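For the sequence shown, this note's numbering gives the first residue as 11, with consecutive numbering after it. C-beta atoms are modelled at their ideal positions from N, C-alpha and C, and glycine is treated no differently. Only a predicted model underlies this, so the values are computations on that prediction, with no experimental measurement involved.
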Amino acid sequence: MARVIADSLLESAHRLVAAHLFDGATAIDGTVGNGHDTRFLAQAVGATGRVLGFDVQAKALEKTRQLLHVHALSVDVRLFHEGHERLAARLAAEGITQIDAAMFNLGYLPGSDKRCTTRPDTTLVALQAALAHLAEGGVLTAMLYHGHSGADDEAEAVLAWARALPRRPWQATMIQPLQSPQAPTLLVVTR
11 MARVIADSLL ESAHRLVAAH LFDGATAIDG TVGNGHDTRF LAQAVGATGR VLGFDVQAKA
71 LEKTRQLLHV HALSVDVRLF HEGHERLAAR LAAEGITQID AAMFNLGYLP GSDKRCTTRP
131 DTTLVALQAA LAHLAEGGVL TAMLYHGHSG ADDEAEAVLA WARALPRRPW QATMIQPLQS
191 PQAPTLLVVT R
């Protein structure tokens, strides 16, 4: 059941992000994983857009390259074998001052070592960097999971960070199924 809810929340995240993207937009996938968000973003930014993706696992980047190839996406997608905490430095190196969307699907790469997970310290650095570059009308989403080692601490840290954001210019919303305490939580921050 939690997997079905996660899929539904991911679909919701995609719909929310799609409403903020346009041909020529710049988007970030802070946690490339199996590449599904990267593929979605590549489709949503159009032929003149660009996507930057981050992951510490080479396996994730390779899966994503294959997925993009299978879907014949020729958008400017740059994948970086580094943690999302390097987001600000990478944007500066790429000459990017503004982004239109950022997606983070926290936790671990499905089918891989569950000990290799996102962590609150690096995630908060990445989220803050994404907000610092988020354009007016932009959106950030973060899928927060529960149940694996460190997940609850990370979810609590991210939600505390979001609650502390000033109401202007940010609007932070949390979407969580009430009857399933182990179900994921979707955080959406708009500017």
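Going by DSSP, name the residue or residues bridged to glutamine 186.
-> Counting from one through the sequence shown, the residue named residue 186 turns up at place 176. Note: glutamine 186 sits in no beta bridge, so no partner.
C-alpha gap between alanine 165 and tyrosine 155, whole angstroms = Indexing the sequence shown from 1 puts residue 165 at position 155. Indexing the sequence shown from 1 puts residue 155 at position 145. Alanine 165 and tyrosine 155: Cα-Cα distance of roughly 7 Å.
According to DSSP, which residues form a beta bridge with phenylalanine 90?
-> Against the sequence shown, residue 90 aligns to sequence position 80. The partner list for phenylalanine 90 (beta bridge, DSSP) reads Phe64.
For alanine 35, which of Thr58, Asp47 and Phe50 has the nearest alpha-carbon?
-> Numbered from 1 along the sequence shown, position 25 holds the residue referred to as residue 35. Checked all of Thr58, Asp47 and Phe50; the closest Cα to alanine 35 is Thr58.
Contacts around proline 179, its chain only, beta-carbon distance under 6 Å, and the 5 residues preceding and following it disregarded = Position 169 of the sequence shown, counting from 1, holds the residue named residue 179. Hits under 6 Å: Arg201.
Is DSSP giving leucine 141 helix, strand or coil here?
-> Counted from its first residue, the sequence shown places residue 141 at position 131. Reduced to three states, the DSSP call for leucine 141 is helix.
Distance between alanine 193 and methionine 11 (C-alpha atoms, nearest Å) | For this step, residue 11 is matched to residue 1 along the sequence shown. For this step, residue 193 is matched to residue 183 along the sequence shown. Its pLDDT being 44, under 50, methionine 11 is placed unreliably in this model, and the coordinates cannot settle the point.
Give me the Cα-Cα distance between valine 168 and glutamine 76, rounded to the nearest whole angstrom.
-> Residue 168 sits at position 158 when you count from the first residue of the sequence shown. Residue 76 sits at position 66 when you count from the first residue of the sequence shown. Using only the alpha carbons, I get a separation of about 31 Å.
Do the CB positions of asparagine 115 and threonine 48 come within less than 7 Å of each other?
-> Against the sequence shown, residue 115 aligns to sequence position 105. Against the sequence shown, residue 48 aligns to sequence position 38. It is not a contact, given that the beta carbons lie outside the stated cut-off.
So, helix, strand or coil for leucine 196, using DSSP?
-> Stepping through the sequence shown from its first residue, residue 196 is reached at position 186. The answer is strand: DSSP assigns leucine 196 an E or B state.
Bounding residues of the beta strand (DSSP E) (the contiguous stretch that carries aspartate 162) = Within the sequence shown, numbered from 1, the residue matching residue 162 stands at position 152. Counting along the chain, aspartate 162 falls outside any beta strand (DSSP E), though it belongs to the alpha helix (DSSP H) covering 161 to 173.
Would you mind reading off the limits of the alpha helix (DSSP H) that contains phenylalanine 50?
-> Counting from one through the sequence shown, the residue named residue 50 turns up at place 40. Its alpha helix (DSSP H) spans residues 46 to 54.
Where aspartate 39 falls: helix, strand or coil (DSSP) | The residue labelled residue 39 in the question sits at position 29 within the sequence shown. It is a strand residue.
Bridge partners of phenylalanine 114, per DSSP?
-> As a working mapping, residue 114 is identified with position 104 in the sequence shown. Partner(s): Ala152.
Classify glutamine 1 as helix, strand or coil using the three-state DSSP reduction.
-> Lying outside 11 to 201, the shown extent of the chain, residue 1 is not represented and no answer is given.
What number of angstroms, rounded off, separates the C-alpha of aspartate 86 from the C-alpha of arginine 60?
-> On the sequence shown, residue 86 is found 76 positions in, with the first residue counted as 1. On the sequence shown, residue 60 is found 50 positions in, with the first residue counted as 1. Straight-line Cα distance between these residues: approximately 5 Å.
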